[in-house]
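Since the structure comes first, as C-alpha cells, the remarks are kept for the end.
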Amino acid sequence: MANITEIAKAAGVSRSTVSRVLNNQPYVIAEKREAVLRAMKQLDYRPNQNAVHLSRGKTNVIGVMVPQINHPFFSQLIEGIGIACAEQNISMLIHQTFNDRQQEQLSFTQLRRKQIDGLIIGSSVSPPDVLERVRRDGPVVICEQREESLAQVAVDHQSGVLAVLSHLMERGHTSLGLCLGNPASGVGLIRRNTFDAFVQEHDISVSPDWYFEENYSFVDGQDVMKRLLKLTDRPTAIIVGNDYVAAGIIHQAKQGGINIPEMLAVTGFDNHPIAEAMGMTTVAQPIERLGKEAVQLLDRLAAGKELPICQPIPLELIVRETT
Numbered sequence: 009m010a011n012i013t014e015i016a017k018a019a020g021v022s023r024s025t026v027s028r029v030l031n032n033q034p035y036v037i038a039e040k041r042e043a044v045l046r047a048m049k050q051l052d053y054r055p056n057q058n059a060v061h062l063s064r065g066k067t068n069v070i071g072v073m074v075p076q077i078n079h080p081f082f083s084q085l086i087e088g089i090g091i092a093c094a095e096q097n098i099s100m101l102i103h104q105t106f107n108d109r110q111q112e113q114l115s116f117t118q119l120r121r122k123q124i125d126g127l128i129i130g131s132s133v134s135p136p137d138v139l140e141r142v143r144r145d146g147p148v149v150i151c152e153q154r155e156e157s158l159a160q161v162a163v164d165h166q167s168g169v170l171a172v173l174s175h176l177m178e179r180g181h182t183s184l185g186l187c188l189g190n191p192a193s194g195v196g197l198i199r200r201n202t203f204d205a206f207v208q209e210h211d212i213s214v215s216p217d218w219y220f221e222e223n224y225s226f227v228d229g230q231d232v233m234k235r236l237l238k239l240t241d242r243p244t245a246i247i248v249g250n251d252y253v254a255a256g257i258i259h260q261a262k263q264g265g266i267n268i269p270e271m272l273a274v275t276g277f278d279n280h281p282i283a284e285a286m287g288m289t290t291v292a293q294p295i296e297r298l299g300k301e302a303v304q305l306l307d308r309l310a311a312g313k314e315l316p317i318c319q320p321i322p323l324e325l326i327v328r329e330t331t
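Per my numbering, residue 9 is the first one in the sequence shown, and the count goes up by one each step.
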C-alpha cells in the first residue's frame, strides 16, 4: 500500500502538505489539496488501521504543545509528528504556549478532561511536580531530556554542546560566549550546565556580558551582536542554540566590521538550510525523526506496553566556515 512519501511524489507536493491534507488542516492551496486527494485515490491509499491504539481513543485527536509554531525547531518537529499522525489517521491539535505556564495548563486541562487522547510536549516551563501530575491524566510524551519519570524522546544535547566546545578549544579559543533560547527549559538547562562545567574545567574565560538568553529569531541575533559590538572586551567565539539566531549574529557582525571567524567564531544548532547557505558551523539534529518517534512512543503508552529506556539520539557536528 502507498505511503505518504509516494503520495507526495505523485501529487508533486511536500510530505508536510500531504500530512496537512490528511489531518484536514487549513492553509493548503485548493489545487494542492485536490492533487493530494487525486493521488490518494490513484494509489488506493488507506490509513493504517493495524495496531493503531491512539486511533481507538475517544477523540482520535492528540495534543501537540510547543512554545512557538514558527520556531524552526518546533515547526520541523510538528512536521514529523504530522507525518506519523497521518499514517495512523490521527488528527493533531496544536497549542502554542509562548513559554507561559498558564497557557501550558490549557493543554494539560484538555488531557484531564479527555478532550484529547494523548499529549506530546515539545518543551515545557512547568515545574516537575506539575508534569508528574499531568502524566497521570493520560498518555504524555515530552521531546526533551528531563529528570521527571515522563516518557521521553530526546537528542543528546550534552554531547552536541561538548562537540562544539572541544572544536572551539582545538581552534585555540580561550574566551567564549553563550546565546540560548529559554534557559528554564530542559534543553536550556542541559546546554548551560554543560557549558559551565566545560569552561570551568578547561580554564576558559567567560563573562556575564557574554551570556544571552531568550533569543529565538534572526532579529534576536542581530540584537545580540549589537550588544557585543558595544563591549570593549569581547569573546573570540560564541555558541548559539539556534541557527537563525546565529545567522543574525553573523549578519550584524559583518555590518559592524567584524570578520567571521577571524575576529569572532560563531556556531549554530539544528543544521537548518540557512546554516548551509551561510557556511555556518552547526550541530545537526534529526528533528523530524524526533517527532515521528514521539508519536510511536505515545502509541505504546496508549496500548499499555512497556516503555523502552530513553536513549538520546546522537548529534553530529558540521564544521563549516564560521569557526
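All C-beta atoms in this analysis are idealised placements derived from N, C-alpha and C, irrespective of residue type, glycine included.
What did DSSP end up calling His-103 once you bin it into helix, strand or coil? strand
Classify Ala-38: buried if its beta carbon has 16 or more other beta carbons within 10 angstroms, exposed otherwise. By the 16-neighbour rule on beta-carbons within 10 angstroms, Ala-38 is exposed.
Please check the pair Cys-151 and Leu-85, which I expect to be a contact at CB under 8 Å, by giving their CB distance rounded to whole angstroms. Their Cβ separation, rounded to whole angstroms, is 6 Å, which keeps Cys-151 and Leu-85 in contact under 8 Å.
Can you tell me the Cα-Cα spacing of Val-60 and Tyr-219, whole angstroms? Any reading at Val-60 must be qualified, since the residue scores a pLDDT of 47, below 50, and its modelled position is unreliable; the value itself is stated next. When rounded, the distance between both Cα atoms is 46 Å.
Tell me where the alpha helix (DSSP H) around Ile-257 begins and ends. 251–263
How many Å lie between Phe-277 and Met-286 at the Cα? Cα to Cα, the separation comes out at about 13 Å.
Of all the options Ile-247, Tyr-224, Gly-180 and Lys-238, which has the alpha carbon lying nearest to the alpha carbon of Thr-202? Considering only Ile-247, Tyr-224, Gly-180 and Lys-238, the residue with the shortest C-alpha distance to Thr-202 is Ile-247.
Where Glu-95 and Ser-22 are concerned, what is the direct C-alpha to C-alpha distance, given to the nearest angstrom? 15 Å
DSSP state of Val-214 mapped onto helix, strand, coil: coil
Check this for me: beta carbons of Arg-297 and Gly-88, under 8 Å apart or not? yes
Where DSSP assigns a beta bridge to Ile-98, which residues make up the other side? Under DSSP, Ile-98 takes part in no beta bridge, so it has no partner.
In terms of residues, what are the limits of the alpha helix (DSSP H) holding Leu-325? Unbroken run through Leu-325 is the beta strand (DSSP E), 324–326; no alpha helix (DSSP H).
Report the rounded CA-to-CA distance for Ala-43 versus Val-195, giving the unit in angstroms. 39 Å
Measure the beta-carbon distance from Leu-127 to Val-148 and round it to whole angstroms, keeping in mind my assumption that it falls under 8 Å. Rounded to the nearest angstrom, the Cβ distance from Leu-127 to Val-148 is 5 Å, consistent with a contact under 8 Å.
Which residue or residues does DSSP assign as beta-bridge partners of Met-73? His-103 and Ile-129
For Leu-217, tell me which candidate among Val-138, Lys-234 and Arg-154 has the shortest Cα-Cα distance. For clarity, residue 217 is Asp in the given sequence; the question names Leu instead. When only C-alpha atoms are compared, the closest one is Lys-234.
Does the beta-carbon distance from Ile-102 to Ile-77 come in below 8 Å? yes
Just tell me which of Ser-132, Thr-13, Gly-168 and Val-274 has its CA closest to the CA of Tyr-53. Selected option, being the one with the closest Cα: Thr-13.
Taking 8 Å as the cut-off, decide whether the C-beta atoms of Thr-182 and Ser-132 are in contact. no
Mark Asn-58 as exposed unless 16 or more other C-beta atoms lie within 10 angstroms of its C-beta, in which case mark it buried. Note that Asn-58 scores 41 on pLDDT, short of 50, meaning its location in the model is unreliable and no value can be drawn from it.
Figure out for me which residue from Arg-242, Tyr-252 and Asp-241 has the closest Cα to the Cα of Gly-229. Gly-229 has its Cα closest to that of Tyr-252, out of Arg-242, Tyr-252 and Asp-241.
Should Leu-2 be labelled buried (16 or more other beta-carbon atoms within 10 Å of its own) or exposed? Given a span of 9 to 331 for the chain in the structure shown, any question on residue 2 remains unanswerable.
Where Gln-33 and Met-100 are concerned, what is the direct C-alpha to C-alpha distance, given to the nearest angstrom? 9 Å
Helix, strand or coil for Ile-89, going by three-state DSSP, please let me know. helix
On the criterion of 16 or more Cβ atoms from any shown chain inside 10 Å, does Pro-136 qualify as buried, or is it exposed? exposed
Quick one, are the C-beta atoms of Leu-325 and Val-274 less than 8 Å apart? no
Nearest neighbour of Gln-166, chosen from Ala-10, Arg-328, Pro-320 and Thr-330 [CA to CA]: Pro-320
Could you have a look at Gln-230 and say whether DSSP puts it in helix, strand or coil? Note: Gln-230 maps to helix in three-state DSSP.
Let me know if Thr-117 comes out buried or exposed under the rule of 16 or more other beta-carbons within 10 Å of its beta-carbon. exposed
Helix or strand or just coil, what does DSSP make of Leu-237? helix
Can you list, in chain order, the residues of its chain with a C-beta nearer than 8 Å to that of Leu-119? Leave out the 5 residues immediately preceding and following it. Hits under 8 Å: Gly-71, Gly-126, Leu-127, Val-142, Asp-145, Gly-146 and Val-148.
Residues of its chain near Ala-192, where Cβ-Cβ distance is below 7 Å and the 5 sequence neighbours each way are ignored: Val-133
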